[in-house]
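Read top to bottom, the protein sequences are chains A and B. Using this note's numbering, read the first sequence as starting at 4 and increasing by one per residue. Using this note's numbering, read the second sequence as starting at 4 and increasing by one per residue. Just so it is clear, CB atoms sit at the ideal spot from N, CA and C, and this is done for glycine as well. Below is one structure; the comments refer to it alone.
2 protein chains.
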Amino acid sequence: MFSENHRIAGVAHPKGFKAAGVRAGIKKNGNLDVAVIHTEREAAVAGVFTKNLVAAAPVQVSKKVVATGTAHAIVANAGCANACTGEQGLHDAERMAEITAGELGCKVDDVIVASTGVIGFNLPMDKMESGIKAAVQKLSREGSVNAGNAIVTTDTYSKACATEVEIGGVEVRFGAIAKGSGMIRPDMATMLCFITTDADIDAKLLQSALSDATEVSFNCISVDGDMSTNDSVVVLANGAAGNPKITERGEDYEKFSATLKTLCVELAKRIAADGEGATKFLTINVTGAQTFADAKRVGMSVANSPLVKTAFFGQDANPGRTICAVGYSGVDIVPEKTVIDFGGVNVYRDGLVTKFDAEAMRNVLAQRDIVVDIALNLGDAAATIYTCDLSFQYVKINADYTT
Amino acid sequence: MFSENHRIAGVAHPKGFKAAGVRAGIKKNGNLDVAVIHTEREAAVAGVFTKNLVAAAPVQVSKKVVATGTAHAIVANAGCANACTGEQGLHDAERMAEITAGELGCKVDDVIVASTGVIGFNLPMDKMESGIKAAVQKLSREGSVNAGNAIVTTDTYSKACATEVEIGGVEVRFGAIAKGSGMIRPDMATMLCFITTDADIDAKLLQSALSDATEVSFNCISVDGDMSTNDSVVVLANGAAGNPKITERGEDYEKFSATLKTLCVELAKRIAADGEGATKFLTINVTGAQTFADAKRVGMSVANSPLVKTAFFGQDANPGRTICAVGYSGVDIVPEKTVIDFGGVNVYRDGLVTKFDAEAMRNVLAQRDIVVDIALNLGDAAATIYTCDLSFQYVKINADYTT
């Protein structure tokens, strides 16, 4: 479903989409830093954005585009978040849309804008203008890899995938590129994800499907929607597949929605696994909660605990820290009913830390991928949270990010 | 007010109190690990305990003692938290009280019990019994330093102070010992603080004064009351000073309460400054909030941000991370009204990161003590939060704490 070919195809996998990434000199290291994604055919658009009250200028611009229901392009840069930049920042974000629209011959309010990088600096608009123009010239069906690389910051690799599903007897394609960030709580710019599909779907239903998918994917890694200044997840649906237009909830919508969800979960997992300095990928399954919100709250409490994260980094069997984080999550758990396993080995039950086999636990903790199962035994709701450990490298990366 | 002599006198500064700390072999490193504090004269008692639903056995025992309103002694150990230990743990905590009461000739329910250290292991009760007996034998007016050293875990130094105030024409003395823990969010055992005073005060008023003092001190470092399994703050007031008994709110109560508050804030600051691996001590003043709760929430959001903390560790001028944490705090702030200074140098105003003088900022960030002022300009409420930075050493300490 998510092959190497799919990864390479990325956002240009669905019909009618092209992409490009170029070097504009915005990143200090000289890497690719400006991306453009384009659909000639007008696309329905939906978006989920940061709830942070300090929202970056491009987020403000893009929300207006999503409100129109249609879009033709996405322009994005890395290296500078254009956040906390006031009127100048808003003007610069609007200029990014104008330049892109001018080059592509579409309307200004058909261009989604996104930025990621350091907060508090203005965009170098001369470089940006040359970069956008160059990117538009390079738009191609092969351009997704470069576009993906142009939006990363401290990511160690670009996240991309693609897939397809049959809807109404027609093959409908999906593609995506994404970037992550510091994973304890990514309170700085930014998680970005751009999804393309050639499905024909009503914009309101597209928004509904994206909101649902985000809830169990990007909002289930330590990325809370309300954290960073620049978080943006945007989907464009251009209808080029020719499926019977999805205009109501039903089988077609469910298929579309399920596929979008799978795609988003896959990207979310890759983002968590590539958290800054990560040496471990932790999957935290919380079951037996009374509500999804409760299950998520417990899982996030564990995922956000620096003490839990450093213990996994140190391959140190420390279930006490996990049950402690469950206990202070704010959810009305019952310690005596709670059961916790690390990699299938029971570590907590009946209010007690279990006398587990030390050798078996060492084997579990030596793996890169570790599953933590937390059964609350209070109800039927569940949530899965993805996160990573907290390493020396995390501190190093974040102690000298701007300098 | 808090001199070296005061520090040495500690909990034995007030009349009628003795203390001791001994080596019982509970800590792996062989350091002092069992403490006893005793007042011959019956004391009024008050306590504030963790709100974590996974509360350790000693917390459960001590809450019952506080409910009686009187106590004669405190027994505490470090090296093993006696948390997540079920029925056996509860039995062991009760045994600690029994042994202490037997040696001191007081009632079992007059003995406060506290433990700190690794979660999930049972106390070695043979060692504990010898330790308590030895400690009771060594009780003295000079024993506070040893008692303080016997309750520390990863602290780099024991926290102690003492002071006095005139109430009703009589000198009333206060003393305290305390220990801290990991400071990002101390979600493991434990913050402990034992306060003694020779004031004569009604137990209900003592509880009220302690609760108020805790709110602006221990609950204003990253220690939320609801975090660890073992957090305990206990005060004993034995009346030996002979002041007119404080039985109602009024001038005497206010003096008592203000002094207790000053003592608690001083200890809280020392705990924050000695956070695991700390190289910086951060004072976060939030002003202009609509309520104290709002001010505290904004300050805690900044204090708990790993990205803010690593930036200060790296002496990296990164105000974007601070305003970002203000923005996602959940408080309805207005970015354009918010003003942020680092060490008196303005870094954010009018929705913009300020073009501050780089040399001046380097000087600010090179200090160990850094003040972050956040003015919300929305109301008259304020809160001060104390925290530390996040260093390599923090990760190292916590990656191999149990092993």
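Query, Result
"Inter-stretch contact at 8 Å, needing at least 3 Cβ pairs: the region 79-92 of chain B / the region 54-64 of chain B", "yes"
"A:Phe-295 (DSSP reduced to helix, strand or coil)", "helix"
"Closer than 8 Å to chain B by CB, A:Pro-247", "no"
"Alpha-carbon to alpha-carbon, A:Leu-126 and A:Leu-266", "32 Å"
"Among B:Val-111, B:Lys-182 and B:Ala-81, nearest to B:Gly-134 - alpha-carbon criterion", "B:Ala-81"
"Selected residue, minimal CA-CA separation from B:Phe-177, among B:Thr-232, B:Leu-263 and B:Val-139", "B:Leu-263"
"Range covered by the beta strand (DSSP E) that runs through B:Phe-20", "20-25"
"Helix, strand or coil at B:Asn-34 according to DSSP, with G and I counted as helix", "coil"
"Start-end ranges of the alpha helix (DSSP H) lying completely within the region 26-101 of chain A, minimum 4 residues", "60-71"
"Rounded straight-line distance, which links the Cα of B:Ser-260 to that of A:Met-186", "At A:Met-186 the pLDDT is 45, less than 50, meaning the model places this residue with poor confidence; the figure from the coordinates comes in the next sentence. Distance between the alpha carbons of A:Met-186 and B:Ser-260 is about 42 Å."
"Counted within 10 angstroms of its Cβ, other Cβ atoms place A:Arg-144 as buried (16 or more) or exposed", "exposed"
"B:Cys-109, DSSP secondary structure in three states", "coil"
"Simplified DSSP state of A:Tyr-331, which is helix, strand or coil", "coil"
"Chain B within 8 Å of A:Val-64, Cβ atoms only", "no"
"6 Å CB neighbourhood of A:His-16 in its chain, flanking five on each side removed", "Ala-165, Arg-176 and Gly-178"
"Straight-line Cα distance separating B:Leu-209 from A:Asn-222", "45 Å"
"Assigned exposure category for B:Asp-36 - 16 Cβ within 10 Å defines buried", "buried"
"Neighbourhood of B:Ala-174 by C-beta, 6 Å cutoff - its chain only, sequence neighbours within 5 removed", "According to the sequence as given, residue 174 of chain B is Glu; it is not Ala. The answer, listed in chain order, is Glu-167."
"Spatial neighbours of A:Arg-300 in its chain, beta-carbon cut-off 7 Å, leaving aside the 5 residues before and after", "Ser-332, Gly-333 and Val-334"
"Beta-carbon contacts of A:Asp-158 that lie in its chain and below 6 Å, excluding the five residues immediately before and after", "Lys-182, Gly-183 and Asp-277"
"A:Thr-103 to B:Leu-393 span [Cα, whole Å]", "41 Å"
"Minimum Cβ-Cβ distance from A:Leu-355 to chain B less than 8 Å", "yes"
"CA-to-CA distance, B:Val-78 to B:Val-48, given in whole angstroms", "14 Å"
"Contact between the region 336-349 of chain A and the region 369-381 of chain A (3+ Cβ pairs under 8 Å)", "yes"
"Min CB distance B:Val-367 to chain A below 8 Å", "no"
"Classification of B:Gln-318 by the beta-carbon crowding that lies within 10 angstroms, buried from 16 upward", "buried"
"Beta-carbon proximity of B:Leu-379 to B:Gly-291, cut-off 8 Å", "yes"
"A:Val-155 beta carbon near the ligand HEM (any heavy atom closer than 7 Å)", "For the structure depicted, the ligand HEM is absent and the ligand set is empty, with no information on it obtainable."
"Any alpha helix (DSSP H) of 4 or more consecutive residues that is wholly inside the region 101-189 of chain B", "128-141 and 147-153"
"Whether A:Thr-193 touches A:Val-238 by CB criterion (8 Å)", "no"
"Reduced DSSP secondary structure (H/G/I, E/B, other) of A:Arg-365", "helix"
"Test: B:Pro-127 CB closer than 8 Å to a CB of chain A", "no"
"Alpha carbon of A:Gly-24 to alpha carbon of A:Ile-40, nearest angstrom", "9 Å"
"Candidates B:Lys-399, B:Leu-270 and B:His-9: closest to B:Val-219 by CA position", "B:Leu-270"
"Chain-ordered chain A contacts of B:Gly-28 [CB-CB under 7 Å]", "Going along chain A, no residue has its Cβ under 7 Å from B:Gly-28, so there is no contact; the nearest lies around 21 Å."
"Any C-beta of chain A under 8 Å from that of B:Phe-284", "no"
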